[in-house]
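Q: Supplied in structure tokens, the structure appears directly below.
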Amino acid sequence: MGAQNHKQDSVLIEEFARLYYAEVDPEELAARAPLDLKGAAAAHLAFGRKFSAGEARIRAYNPVSGQHGWQSTHTAIEIVSDDMPFLVDSVTMEVNRQGLTLHLLIHPVLRALRDANGELLSISQPGESSEGRLESFMHLEVDRQTDPARLAELEAGIARVLADVRAAVEDWKPMQARMAEIVERLSADRYDEERAFLAWLLEDHFTFLGCRGYDLATVDGEDVLRIVPGSGLGILRERGATVSASFATLPPEARRRARVKELLVLTKANARSTVHRPGQLDYVGIKRFNDKGEVIGETRFLGLYTHTAYSENPMQVPLLRRKLGEVIERAGLLPAGYSGKALASILESYPRDELLQIGAEDLYRHARAILQLGDRQRLRLLVRPDPYARFVSCLIFVPRERYNTELRQRFQRILTEAFNGVSSEFDVDLSAATLGRILMRIRTRPGEMTAQPDLKALEQRLVEAMRRWEDDLHAALVGRHGEERAASLFRVYGHAFPAGYRDEYPVESAVTDIEMIESLAPQPDLGMNLYAPQAEPGILHFKIYRRGSRVPLSDSLPMLERLGVRVFFEHPHKVEPADRSPVRVVDFGVALPSGALPLEQVREHFHEAFLGMFLGTVEADSLNRLVLTAGLDAREIRVLRAYARYLRQGTSTFSLAYVEQALVANPSIAALLVRLFFTRFSKNEGQTEEKLSADISAALDAVQNLDEDRILRSFLAVIQATTRTNYFLNKSYLSFKLDPKGVPGLPEPRPMFEIWVYSPRVEAVHLRGGPVARGGIRWSDRMEDFRTEVLGLMKAQMVKNVVIVPVGAKGGFVLKQPPAGDREALMKEGVACYQTFLRGMLDVTDNRVDGSVVPPRDVVRHDGDDPYLVVAADKGTATFSDI
């Protein structure tokens with residue numbers, strides 16, 4: 001006998017599982033283990049083995065294989081109930097209301113045959129047999145909940161919903177019958193449209209969920225609505241209350257509306273629907289009058305207008321057709337004319353919930369406003385307060401392309417704040433070509449609605465909330481460049497800036513960036529902007545603009561550090577102008593060093609120095625800090641750099657970095673040294689060299705560090721020992737002619753003449769033992785001490801030429817940026833640097849023309865005529881003679 005029962009159970013489980021999963025997506029089933037599928041079906045069947053009609057069984061649990069025969073990462077909900085309308089919609093609504101995500105829903109309706117005790121005997125598809133009752137087996141899987149109290153709350157919520165569904169379904173016909181009785185009692189002559197409207201509701205235009213009768217009475221001078229005992233149906237079945245709680249919470253002026261002699265009250269209820277679909281319940285109140293025409297009570301119906309009610313032409317709906325007719329007649333427009341047709345379209349498409357509740361006067365005002373709006377791309381706000389002070393309906397028209405979820409949420413926040421709301425709901429219609437429509441209902445606490453705000457000001461707040469960054473950019477471009485130029489720029493840059501940029505920068509910055517991008521030259525394709533934003537005191541921004549690839553951070557950061565700024569952040573952005581190459585914009589947050597001069601004084605020098613380092617025409621060393629602290633530009637700093645390199649080769653026992661540090665630590669003296677150089681060699685300088693030398697000496701007396709004092713005095717001496725320079729020829733290299741006798745610390749023997757040539761690519765020196773001297777030019781590889789090498793060669797040459805004329809001379813140069821690996825490229829660079837060396841010497845050497853000595857152009861001389869310069873080949877330059 002036991003084996004037979006087990007076999008029957010197995011057959012029942014197999015059949016139940018087949019029917020259970022019949023309508024489930026095969027992909028969903030394939031993603032689950034067969035044992036879990038069979039176990040879940042068996043568990044639900046076991047849960048529903050015993051069931052009595054008129055009740056609902058609900059279980060929420062976390063399935064475990066050992067206990068339940070299957071497992072899941074989610075919480076499972078099993079429901080067994082009589083089959084009824086609205087079950088699936090209502091249960092899923094409750095799950096959503098509790099903030100849970102629904103991961104799986106199975107809801108077969110099966111025909112179950114049970115014995116007198118409710119024990120399940122057999123199961124079949126609804127159409128296979130007429131025996132038994134139709135039952136709903138619902139299986140839901142939601143976000144996992146481990147708290148037993150939370151599981152109990154979930155079960156209780158679903159139980160309440162199922163009770164409401166059962167009450168509404170069981171009392172459906174009695175509620176319809178009650179409305180039909182009211183229709184029969186109403187006078188056809190006096191309430192023709194009202195009767196027609198109620199009859200229209202009965203024609204599948206209203207889902208009846210609750211009904212109750214109320215008597216209007218006065219207690220202690222206050223109106224109250226007393227529940228008529230035994231009158232409750234559906235979700236309004238009697239539950240112990242004696243008066244209408246919702247009516248009692250209304251403010252006095254709203255309660256007085258109960259005495260108004262209007263038959264129908266069409267509005268929204270305070271409560272949200274728990275059955276069928278979410279949203280506030282629709283309220284249809286039908287007042288009762290005594291023989292004197294005074295209001296003595298009402299019959300209240302709660303429910304939901306059906307889809308048919310929303311889709312039907314309002315000109316065919318009783319009450320609405322009368323209201324719309326009044327508006328059209330008052331407008332006085334020709335029905336066949338453009339405006340007349342437009343008005344009819346506005347009224348027919350007006351939100352149906354609002355159309356049912358709004359008065360003819362407000363509807364006329366709103367319809368006229370919408371008609372005047374037309375297809376203009378602008379925002380319009382239309383407001384209708386609930387007569388019972390429970391909510392405010394806000395109709396917002398926005399350009400269709402502007403609508404998105406973020407904008408709608410902004411509108412909700414603004415309107416909820418403006419009307420002191422506690423919650424809101426919305427409906428969006430984007431079916432029109434140009435304008436989208438948002439209906440927002442802002443619900444307030446009963447009796448706490450604030451005075452209506454300034455609607456024009458509120459509308460303007462919405463306009464500001466709707467404004468996109470691009471709109472502000474266009475306005476800013478117009479303000480800076482006028483409409484015509486702004487339109488041209490906006491076509492290119494209106495949508496060029498990425499979201500991260502738009503979030504970070506105001507449009508004023510974008511306008512400046514556009515101007516910088518527009519000013520980019522093909523070569524160099526790098527723009528810069530150092531500026532101080534008003535909103536960030538103490539922080540400067542340095543922006544780099546480059547077409548195509550960006551400047552790598554590993555390159556740009558050292559350059560900025562060499563300029564003496566502290567870098568706090570780097571924000572890179574890719575700007576993509578229409579039909580143009582993308583532009584990289586990199587924004588650095590920087591702080592100037594202590595003692596920096598005002599930004600407006602050093603800004604252009606900063607740009608110039610950074611660009612020079614980027615192009616390789618300025619060496620990236622710490623002397624560039626003098627841009628900010630001494631106010632020197634890159635070319636002026638190059639003078640100090642050239643002298644520093646010379647002193648390092650000829651006299652200094654200090655490292656080059658230490659020499660640079662001495663100059664950076666004394667920016668005012670560095671600036672005076674440059675000024676002395678200009679005074680000595682500029683034809684237009686007004687200040688005397690003696691006065692500047694005295695000022696420098698006085699400043700040096702105040703230097704506390706002895707090493708710095710020695711270094712700075714050597715700069716003073718070498719400038720004073722310089723007899724010629726090509727600085728004012730504005731070339732890419734710099735050459736000095738010096739009198740070595742005036743340079744302290746030079747090793748012996750001292751040549752009679754010395755020329756030093758400097759550039760970022762090459763450093764070179766030429767030493768002559770007398771006015772008439774000759775010797776070769778060597779390509780040296782002794783970067784650190786090539787002058788020592790050349791001096792030794794000159795000395796040897798002088799010994800060799802001791803009994804002849806000319807005396808000895810020697811020159812040498814080193815490559816500072818030798819190409820790696822490629823011999824041909826190395827030779828090419830060597831030739832170029834050799835040529836630079838020769839040009840540098842010729843720039844400061846006199847010429848002979850027709851027997852007369854002609855000084856170099858734009859060169860101030862502090863020595864006599866010196867037209868003799870003979871060079872020859874030496875190590876590394878033997879093949880350069882024909883260059």
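When we follow my numbering, the leftmost residue of the sequence shown carries the number 1, and every step to the right adds one. We put the beta carbon where it would ideally sit given N, CA and C, even for glycine.
1. Excluding five sequence neighbours on each side, which residues of the same chain lie with their C-beta closer than 7 angstroms to the C-beta of Val659?
2. Measure the alpha-carbon distance for Leu462 versus Ile414 and round it to whole angstroms.
3. Taking only beta-carbon atoms, is Ala367 less than 8 angstroms away from chain D?
4. Kindly indicate which three-state DSSP category Met798 falls into: helix, strand or coil?
5. Just reading off the alpha helix (DSSP H) that Ser488 is part of, what are its end residues?
6. Near Gln452, what residues of its chain come up, given a Cβ to Cβ distance below 7 angstroms and the 5 sequence neighbours on each side ignored?
7. Leaving out the 5 sequence neighbours to the left and right, which residues in its chain are closer than 6 angstroms to Pro744 when beta-carbon positions are compared?
8. Applying the 10 Å Cβ sphere with the 16-neighbour rule, what's the burial state of Phe654?
9. Please state if the CB of Gln412 and the CB of Phe426 are separated by a distance shorter than 8 angstroms.
10. Please specify which runs of the alpha helix (DSSP H), each continuous and at least 4 residues long, are wholly inside the stretch 235-260, giving them in chain order.
11. Assign Gln661 to buried or exposed, taking buried as 16 or more other Cβ atoms, counted over all protein chains shown, within 10 Å of its Cβ.
12. Less than 8 angstroms between the CB atoms is what I'm expecting for Tyr214 and Glu298, so what's the real figure, rounded?
13. Does the stretch 73-86 come close enough to the stretch 19-31 that 3 or more CB-CB pairs lie under 8 angstroms?
14. If you run the structure through DSSP and keep just helix, strand and coil, what is Met528?
15. So what's Val743 in DSSP terms, helix, strand or just coil?
16. Assuming Tyr727 is part of the alpha helix (DSSP H), what are its boundary residues?
17. For the candidate residues Tyr388, Arg288 and Leu202, whose alpha-carbon lies nearest to that of Val318?
18. Take Ala248 as the anchor and find which of Leu264, Glu222, Val295 and Glu238 has the nearest alpha-carbon.
19. Using 8 angstroms as the threshold, is the stretch 455-470 in touch with the stretch 538-545, meaning 3 or more CB pairs across them?
20. So, does the stretch 101-111 touch the stretch 146-157, judging by three or more C-beta pairs under 8 angstroms?
21. Where does Phe208 sit, in a helix, a strand or coil, going by DSSP?
22. Mapping the DSSP letters down to three states, classify His571 as helix, strand or coil.
23. Terminal residues of the continuous alpha helix (DSSP H) containing Trp200?
24. Check each candidate in Arg566, Ala499 and Gly650 and name the one with the smallest Cα separation from Leu628.
25. Can you check DSSP and say which residues form a bridge with Pro385?
26. For Gln98, which option in Leu186, Ser759, Gly157 and Gly118 has the closest C-alpha, if you only look at C-alpha atoms?
27. When burial is assigned at 16 or more other CB atoms within 10 Å of the CB, is His495 buried or exposed?
28. Might you give, ordered along the chain, the residues of its own chain that have their beta carbon closer than 8 angstroms to the beta carbon of Tyr364, omitting 5 neighbours on each side?
29. Beta carbon of Val586, beta carbon of Val551: below 8 angstroms?
30. Reducing DSSP to helix, strand and coil, say where Ser424 ends up.
31. If Leu672 sits next to Leu623, beta carbons under 8 angstroms apart, how far is it from one beta carbon to the other, in whole angstroms?
32. Please state the DSSP three-state secondary structure of Thr267.
33. Using a Cβ-Cβ cutoff of less than 6 angstroms, which residues in the same chain neighbour Glu94 once the five nearest sequence positions on both sides are dropped?
34. Tell me where the beta strand (DSSP E) around Arg547 begins and ends.
35. Grab me the residues of Leu729's own chain with a C-beta within less than 7 angstroms of its C-beta, minus the 5 sequence neighbours each way, in chain order.
36. Which same chain residues end up closer than 8 angstroms to Ala3 when comparing Cβ atoms and leaving out the 5 residues on each side of it in sequence?
A: Working from what's here:
1. Taking the first residue of the sequence shown as position 1, residue 659 is located at position 659. Around Val659: Ala644, Leu647, Arg648, Ser652 and Ile711.
2. The residue given as residue 462 occupies position 462 in the sequence shown. The residue given as residue 414 occupies position 414 in the sequence shown. Looking at the two C-alpha atoms, the distance is approximately 7 angstroms.
3. The chain labelled as chain D is not found in the depicted structure, where only one protein chain is given.
4. The residue you call residue 798 lines up with position 798 of the sequence shown. Three-state result, Met798: helix.
5. Counting from 1 along the sequence shown, the entry for residue 488 is found at position 488. Its alpha helix (DSSP H) spans residues Trp469 to Tyr493.
6. Looking up residue 452 in the sequence shown gives position 452. Here the set comprises Pro385.
7. On the sequence shown, residue 744 is found 744 positions in, with the first residue counted as 1. Closer than 6 angstroms at Cβ, skipping near neighbours: Ala717.
8. Taking the sequence shown and counting its residues from 1, the one referred to as residue 654 is at position 654. Its Cβ being crowded by 16 or more others within 10 Å, Phe654 is buried.
9. Along the sequence shown, read from residue 1 onward, the residue named residue 426 stands at position 426. Along the sequence shown, read from residue 1 onward, the residue named residue 412 stands at position 412. The answer is yes: Cβ separation under 8 angstroms.
10. 245-248 and 252-255
11. Taking the first residue of the sequence shown as position 1, residue 661 is located at position 661. Result: buried.
12. The residue labelled residue 214 in the question sits at position 214 within the sequence shown. The residue labelled residue 298 in the question sits at position 298 within the sequence shown. That pair is a contact at about 5 angstroms.
13. no
14. Here residue 528 is taken as the residue at index 528 of the sequence shown, counted from 1. It is a strand residue.
15. Translated into positions along the sequence shown, residue 743 becomes position 743. Residue state, collapsed to three classes: coil.
16. The sequence position of residue 727 within the sequence shown is 727, counting from 1. Looking at the DSSP string, Tyr727 is not in any alpha helix (DSSP H), and its letter there is neither H nor E.
17. Residue 318 sits at position 318 when you count from the first residue of the sequence shown. One point to set straight first is that residue 318 is Pro, not Val, in the sequence displayed. Per the Cα distances, Leu202.
18. Counting from 1 along the sequence shown, the entry for residue 248 is found at position 248. The residue with the shortest Cα to Cα distance from Ala248 is Glu222.
19. no
20. no
21. Position 208 of the sequence shown, counting from 1, holds the residue named residue 208. Reduced to three states, the DSSP call for Phe208 is strand.
22. Taking the first residue of the sequence shown as 1, we reach residue 571 at position 571. Strand at His571.
23. As a first step, residue 200 is located in the sequence shown; it is residue number 200 there, counting from the start. From DSSP, the alpha helix (DSSP H) with Trp200 extends over Asp192 to Leu202.
24. The residue given as residue 628 occupies position 628 in the sequence shown. Checked all of Arg566, Ala499 and Gly650; the closest Cα to Leu628 is Arg566.
25. Here the question's residue 385 lines up with position 385 in the sequence shown. According to DSSP, Pro385 bridges with Val392.
26. Translated into the one-based positions of the sequence shown, residue 98 becomes position 98. Per the Cα distances, Gly157.
27. Walking along the sequence shown from the start, residue 495 turns up at place 495. Result: exposed.
28. Within the sequence shown, numbered from 1, the residue matching residue 364 stands at position 364. So the qualifying residues of the chain are Glu326, Val327, Arg330 and Ala331.
29. Against the sequence shown, residue 586 aligns to sequence position 586. Against the sequence shown, residue 551 aligns to sequence position 551. Yes, the Cβ-Cβ distance between Val586 and Val551 is below 8 angstroms.
30. One-based indexing of the sequence shown puts residue 424 at position 424. Reduced to three states, the DSSP call for Ser424 is strand.
31. Residue 672 sits at position 672 when you count from the first residue of the sequence shown. Residue 623 sits at position 623 when you count from the first residue of the sequence shown. 15 angstroms between Cβ atoms; not a contact.
32. Numbered from 1 along the sequence shown, position 267 holds the residue referred to as residue 267. Strand, per DSSP.
33. Within the sequence shown, the letter at position 94 stands for residue 94. Here the set comprises Gly157, Ile158 and Val161.
34. Here residue 547 refers to the residue found at position 547 when the sequence shown is read from its first residue. First-last of the beta strand (DSSP E) with Arg547: Leu540 to Arg547.
35. As a working note, residue 729 is residue 729 in the sequence shown. So the qualifying residues of the chain are Asp843 and Asp858.
36. Numbered from its first residue, the sequence shown carries residue 3 at position 3. For Ala3, the predicted structure reports a pLDDT of 49, less than 50, and the residue's modelled location is therefore unreliable. A value from the coordinates is still provided. Nothing meets the Cβ criterion.
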